[in-house]
Structures are given as C-alpha cells and as structure tokens.
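K.L.:
According to the numbering used here, the sequence shown is numbered sequentially starting from 402. From the three backbone atoms N, C-alpha and C, an ideal C-beta is built for every residue, glycine too. Keep in mind it's a predicted model, so treat the numbers as computed, not measured. Starting off with a structure, shown below.
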Amino acid sequence: MNESFLSKNLACLPSQVSELIQNDHSMLEGTHYKRIKSKVGDDTLEINGVWIHSQFDPKKEATRFVAELPHDGTERIYLLFGAGIGYIIPYLLERSKVTIIWMEPFSFLIQEALAKFDFSEAFLNGKLVLVTGENLEDQLSDAVKGKGTHPISFVPHRGSWQWKETEYLKLKLIAEQMFHKKDVNLATLTRFEKIWAKNICYNLPELSEFRPVADLFGIAKGIKVLIACAGPSLSESIPEILRYRNQFLLLAVDTAVPILTSFGVDPDLIYSVDPQTLNSQYLEDYSGEGILIFDPTSTYISLRLEKGPNKGFVTSSPFPLLQLLEKTASAEIGSVPFGGSVSTNAASLGTLMGAEKVYLVGQDLSFTKGLAHSKGAVLEERLNYIESRKFRREKHNYKQLFALPQKQVLGIQNETYITNEKMLIFKKWFEDHSKENPWTNLTKFGAKLEGMEHSSFHKEFENTSNQKQIQSIVNVKKLIQSKFKDNTPFFERSLLIEDIQKTITSLIDFLILVKQGLTVSQRIYQQIQKNQINPKTFSEDIKRMDLIDEEVSQKKGLNEILSLGIQRVILTITECYDEHLSLEEKENTRLGVAKKSLLLYEGLYESIRSTKRMLTKSLYRLQSNL
C-alpha cells in the first residue's frame, strides 16, 4: 500500500467524495478481506473466499480483458461497474479519446485502488471520473454531460460481481435507467420544442382570462382527492367511483374524461398538459361542470373548442416565453411539480391543494390485460372511423404494445405485466416522490408502486363517511367555482398587449443583427471548408463575428424567449446531441466550431421569424378581444 498515492488521489477528488471514502466504514461489517501476493508477486485481493483478481497474474488478466473492449480511435466512454483494486484502469487510460467512469459502491475497495495506483492526473483532467456514494444517477448524468453521442461500453468487473453481484447489478440498472431517461427527455425536448413555443404564443389570449393555479393551493384541507388516470383498468373502477362519488373531489387527467363521462361521472377538475393536437379531442364534446387546469404548453386547440371547459386555472411554466403573461399578473401564478406525464402533475397538485389524502386510480403504468388504452379512450374510439378488413383495432393495440421495447414489471398482486421504458420512468418518479406525499394507489391492476400504499375503494370509503365530510367536499367545490365570480382580472390584458407589441418590435430589430451574424458565419465556414482563407478578410470576419456575438449575448431577455424553439441546436452545441456535424467537421476542430456558430445563427434567425409571426397573430386576437 502506498500512502502517498492515496493522499495524492484523494486530494484530486471533489471534497465530498474524498471525505466519504475516508469516513465510510459501514460496508466493512461482515466483510473479511485480505491482500495477498499473486504467483507473479503482484497484489491481489480475497474477500470472503472470493478472488477479486487473478491468483496468478492480475496484470495479465487485466490486459487480456482490455484487449477485448472496443476502441477505434474515436471518442468513447467506458463505464466500469467495479474495478477491484484498479488493475484495468491504467491500461484504459493509455487509450486516446476515452473517458473512464468508475462506479464503485464500496469505499474500502476504492481506498485499496487509490493506494495502489496514482490516478491523480486522470482525475484532474477528467479522463477518469469516480461515481460513488449517494445520488448516483445525478453523478453519472454530470459525468456524461457534453458527451451525448459518444458510444458507451458497459464494463462489469468479473471478480467484484462474483463477490457481490446484487450490489453491482444495481449500478448497472441505475446506469440503464439514467441513459434511457436522458434519451427520452432529449427526444421529447427536441420533438416538441417548436410545438411548445407555438402553444404558449397562441394560448396567451385565452390564458389572460384564466385564474392562477395558486388559487387552489391549500383549498382542499381536510378532504380527500381522487386522481383519475386513463390506464387500461380505469373502466373497471367506474362502479366504485360512482358509488363513493360524494366522498372525494375528483381530479381527472384529460385523457380520462371521455371514459368517465361515458359512464355518467363528471370530474370537478380536469388537468391538461399534452402539447399535441390530438389531446384536444378528449375535451371537444365535454359539457360538464369540470374546471380546467391548464399547462401553457398544452395544445391551443383545447381553448378554442365550441364545447369543452370554458374556464380554468393556468399553471406556471419554466419556459421564458410565459414571462410575457407572468409579468402582467397581480401575484404569483403558482407552479406544479411535473414528472413527464399529466398524472404526475395531477398527483402533485392534489398534494399542493392540501388534501388529507390523495388517491390514484387507473394508474396502471403497464399494458394491463394486453390493453394499451382503457376502453372508451379517444385513441380507441377513433378506430371506429378507420377500422377496415385489413386494419382491425386489435392490430392497432398490438402496434401500441410494441412501439417501444417491452419490459416486465411486477404487478400489484405480484403478477407480471408488460410495460416499456417510458412508463418505467413515470413509475420511478411516483416511487421517488411517494415518501413525502400522502398518496394511496387504488388502481385495480397494473404495476406495483414500491413505497406507496395500495388499498381499495371499499376499505378507504365504506363506513368512513359522514354528513360533515360530505358537506366539506361540497363547500370546497363551491369555493373553487367562486374563484371565477371575482370580476377583477388576475392578468392585465392591456399590459399584455403592450408587452407583446414591444417584444415584436425588439424581435424585428434583433433579426437585423442576427441576419448579419448568419452572413458572416456562413462566410467564415465556407473559407475554412474550402481551405481558401484570405488572411486579411478572414481576420476581419472573425473580429466582426466577435462583435456580433457580444451584441447578441447582451440580448439576454430575447435569447431566453427564443431558446425554447432551438433546443435541438443548443443541444448540438452543448451536448453533441445530434448528428448535425459531419465526420469532416468532427475531425477538423476549426470547421466544427464554425459549423456550430453557423447552426446557432440559423436557429436564432428561424426562431425570431416564427416567434414574431406567432406573437403577431396572438396580438391581433387580443386586440380583437378574441
């Protein structure tokens, strides 16, 4: 053991990681290990009778394993699930253009490795990253930031897995989950960037008539709230919902509304967050008393239906475009935590409303009984119009089941259901947040939500009601309705009109500057690409580009507004997310930098034009009083 290596390595790690390694001794309980000399004289380790490295030649074992790992000279990430006392790491560090992420749950093994090898330089330059302790998923996400398109090799350490397979398997599952979640989030972001921007702009006139969702915070103290989701089992819970309807406030996600109303159940509140036009069809024939909870990025068609909810509460949004509306508000709009689906928002709102207890129903998070949608869902009913001899609804359901790779999940009754990666992300969100939220799952079938109580309508509502509780729910419903009797508008429409006019004028001026930047960046790119650089003109273009970049960066407010529509470009620059760069541009650093500058100005130019056009249309509707 080399104490100087240990001290040097620890000094190069983040302080919290270094302290954890030195102070965490909990993993040593019940573990008996000893360092032994191998046949060739190198150190090896035996833990509880398991050899972590070769008894004969640990170095030869490591070199053979490294030789089997892919390496073609391009950027690559090696993700190590354990490394024992580190024999494999020096050989990986010899390779160019690689990043080594070392995940290790046992601090004593890390200490043994750090005392054996000097990794200080690799830690400092970021070529070697240690992931250990708490919040492993967040640490791993930070470690791969900026390396979005680098191929990743999962490298399990054989000896470590033979000793504690369950612990190292957890690391692998965390990594798989993080990468899948990252892929889903990035795909969602780049897929909907322009739709979100469009919806916010087009929703401004209608949302200026809404109330803030903050009006609902704390309003349901002492009563129960039921969140109706649209999972396949919802229709089977309708009899119980009808039977105990007067014992809870019913908050339905918009996808569940047609199912509920087809059985005569009218929700009190309806939550909508989906940006796609199809979601408006869940509300197009609605004629009940339910009040809308509306995310500003949700489809603008929903607010322009002849039928449907005609009043509602608007939530805040992290997208800067909404600042146009927020600045005209008389108080905070209020934000609701979200986990990627409308059901996560609805559950969070139930907690913010101060409910005594929040119940979930129809939250299957699986293809229960082979169904992709609950019976009566819009997606299913639309098949009535397109069903034919060659296209049956069973075929559509089958396609839905296999749209993403299938996964298995443990059910509520310990049965096995089919699900997919997207639903597993939502499942993990509910499980992570159930500890601090009073949620109970009443869903009949589907995935088991670990850590969340599962119950039944009969147990929760039979013989638990009294007239006082029922009257409390009636009073809360009346109080919610009364929020719309206040004639004082929450948003100042005249101020909103003024702000939109100013923004449009600023965008027109900004467009001139960005167009200049686009022209110069095109000229710089072409000179580098053709290798026809005129020193004088090229130098002038670079200076001009620097000045334009500086002016553009000073337009902070406008850049924030425009950023929503160019997320793909931003991710290309910051995360190497997309394949916008050709192989030539990746190999030629100067050309790659020039291409990123060109992409940025192309994105800004298009975003300015589209945002100006959309805001102009909304301004016209505001001035025409809708």
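Below 6 Å, is the gap between the Cβ of Ile702 and the nearest heavy atom of the ligand COA?
P.N.:
Ligands in the displayed structure: none, and consequently the ligand COA is not present.
K.L.:
Classify Lys828: buried if its beta carbon has 16 or more other beta carbons within 10 angstroms, exposed otherwise.
P.N.:
Lys828 is buried by the Cβ-count criterion.
K.L.:
Smallest Cα separation from Lys460: which of Ser439, Trp840, Val921, Lys573?
P.N.:
Checking every option, the nearest Cα to that of Lys460 belongs to Ser439.
K.L.:
Using only the alpha-carbon positions, how far apart do Phe520 and Phe768 sit?
P.N.:
Roughly 48 Å separates the two Cα atoms.
K.L.:
Going by the DSSP bridge assignment, what does Pro557 pair with across the sheet?
P.N.:
Per DSSP, Phe482.
K.L.:
Pairing CB atoms from the stretch 662-674 with CB atoms from the stretch 688-698, are three or more of them under 8 Å?
P.N.:
With a cut-off of 8 Å, the stretch 688-698 and the stretch 662-674 count as touching, because enough Cβ pairs lie within range.
K.L.:
Please say whether Ser749 and Val737 have beta carbons closer to each other than 7 Å?
P.N.:
Their beta carbons are under 7 Å apart, which means Val737 touches Ser749 by this criterion.
K.L.:
Does Tyr799 come out as helix, strand or coil in the three-state DSSP assignment?
P.N.:
Reliability fails at Tyr799, whose pLDDT of 42 lies under 50, so the model's placement of it is uncertain and no value is given.
K.L.:
Tell me whether Gly632 sits in a helix, a strand or coil according to DSSP, three-state version.
P.N.:
Three-state DSSP puts Gly632 in coil, outside helix and strand.
K.L.:
Roughly how many angstroms separate the alpha carbons of Gly740 and Asn536, rounded to a whole number?
P.N.:
Using only the alpha carbons, I get a separation of about 18 Å.
K.L.:
Based on Cα-Cα distance, which residue from Ser742, Lys879, Ile642, Glu641 lies nearest to Asn680?
P.N.:
Of the listed residues, the one whose Cα sits closest to Asn680 is Ser742.
K.L.:
Around the Cβ of Glu910, are there at least 16 other Cβ atoms within 10 angstroms (buried) or fewer (exposed)?
P.N.:
The question names Glu, but residue 910 in the sequence shown is Asp. By the 10 Å Cβ count, Asp910 comes out exposed.
K.L.:
Per the contact definition of three or more C-beta pairs closer than 8 Å, is the stretch 490-499 in contact with the stretch 568-578?
P.N.:
These segments do not touch.
K.L.:
Quick check: Phe524 and Leu414, are their CB atoms within less than 7 Å of each other?
P.N.:
In this structure, Leu414 lies closer than 7 Å to Phe524 by Cβ.
K.L.:
Check Ile448 in the structure and name its three-state DSSP category.
P.N.:
Ile448 falls in the strand class under three-state DSSP.
K.L.:
At which residues does the alpha helix (DSSP H) containing Ile819 begin and terminate?
P.N.:
It is not in any alpha helix (DSSP H) - Ile819 instead sits in the beta strand (DSSP E) that spans 817-821.
K.L.:
Among Val614, Gly771, Ser634, whose alpha-carbon lies nearest the alpha-carbon of Ser718?
P.N.:
Out of Val614, Gly771, Ser634, Val614 has the C-alpha closest to the C-alpha of Ser718.
K.L.:
Looking at C-beta atoms only, is the number of pairs between the stretch 538-547 and the stretch 436-455 that lie closer than 8 Å three or more?
P.N.:
Too few Cβ pairs lie closer than 8 Å, so no.
K.L.:
Can you name the start and end residues of the alpha helix (DSSP H) that Leu999 belongs to?
P.N.:
Leu999 -> alpha helix (DSSP H) spans 990-1024.
K.L.:
Which residue marks the beginning of the alpha helix (DSSP H) containing Val915, and which one marks its end?
P.N.:
Residues 894-931.
K.L.:
Comparing alpha-carbon positions, which option in Ile925, Leu761, Ile620 lies nearest Gln858?
P.N.:
A quick correction: the sequence has Phe, not Gln, at residue 858. If we check each option's Cα against that of Phe858, Leu761 comes out closest.
K.L.:
DSSP three-state label for Met579, please.
P.N.:
Three-state result, Met579: helix.
K.L.:
Touch check for the stretch 924-942 and the stretch 859-876: three-plus C-beta pairs under 8 Å?
P.N.:
Cβ pair count under 8 Å is below three, so no.
K.L.:
Just mark Thr678 as buried or exposed, buried being the case when its beta carbon has 16 or more other beta carbons within 10 Å.
P.N.:
Looking at its Cβ environment, which holds fewer than 16 other Cβ atoms inside 10 Å, Thr678 is exposed.
K.L.:
List the residues that DSSP assigns as beta-bridge partners of Arg436.
P.N.:
In the DSSP output, where bridge partners are listed per residue, Arg436 has Leu446.
K.L.:
Under three-state DSSP, which class holds His472?
P.N.:
Here His472 sits in coil by DSSP.
K.L.:
In terms of alpha-carbon separation, which member of Trp564, Ile511, Lys712, Cys602 lies closest to Glu610?
P.N.:
Here the closest residue by C-alpha is Lys712.
K.L.:
Please give me, in chain order, every unbroken run of the beta strand (DSSP E) with length at least 3 that falls completely inside the stretch 481-528.
P.N.:
Runs of the beta strand (DSSP E) inside the stretch 481-528: 499-504.
K.L.:
Would the stretch 902-919 count as touching the stretch 933-942 if we require 3 or more Cβ pairs under 8 Å?
P.N.:
Result no; under three Cβ-Cβ pairs closer than 8 Å.
K.L.:
Name, in chain order, the residues that DSSP records as bridge partners for Trp840.
P.N.:
The partner list for Trp840 (beta bridge, DSSP) reads Val759.
K.L.:
Closer than 7 Å by C-beta to Phe862: which residues in its own chain qualify, once you throw out the five before and the five after it? Chain order, please.
P.N.:
If we look at Phe862 and ignore the five residues flanking it on each side, its Cβ neighbours are Tyr645, Gln648.
K.L.:
Going by DSSP, name the residue or residues bridged to Phe714.
P.N.:
Note: Phe714 sits in a beta bridge opposite Arg612, Ile694.
K.L.:
Using a Cβ-Cβ cut-off of 6 Å (strictly less than) and excluding sequence neighbours within five positions of Thr716, which residues of its own chain qualify?
P.N.:
Same-chain partners within the cutoff: Val614, Asp696, Val737.
K.L.:
Buried or exposed, going by whether 16 or more other CB atoms sit within 10 Å of the CB of Ala747?
P.N.:
By the 10 Å Cβ count, Ala747 comes out buried.
K.L.:
Hey, out of Phe846, Ser883, Glu899, Val674, whose CA is closest to Glu816's CA?
P.N.:
Checking every option, the nearest Cα to that of Glu816 belongs to Phe846.
K.L.:
Roughly how many angstroms separate the alpha carbons of Asn821 and Thr844, rounded to a whole number?
P.N.:
Spanning the two alpha carbons is a distance of roughly 18 Å.
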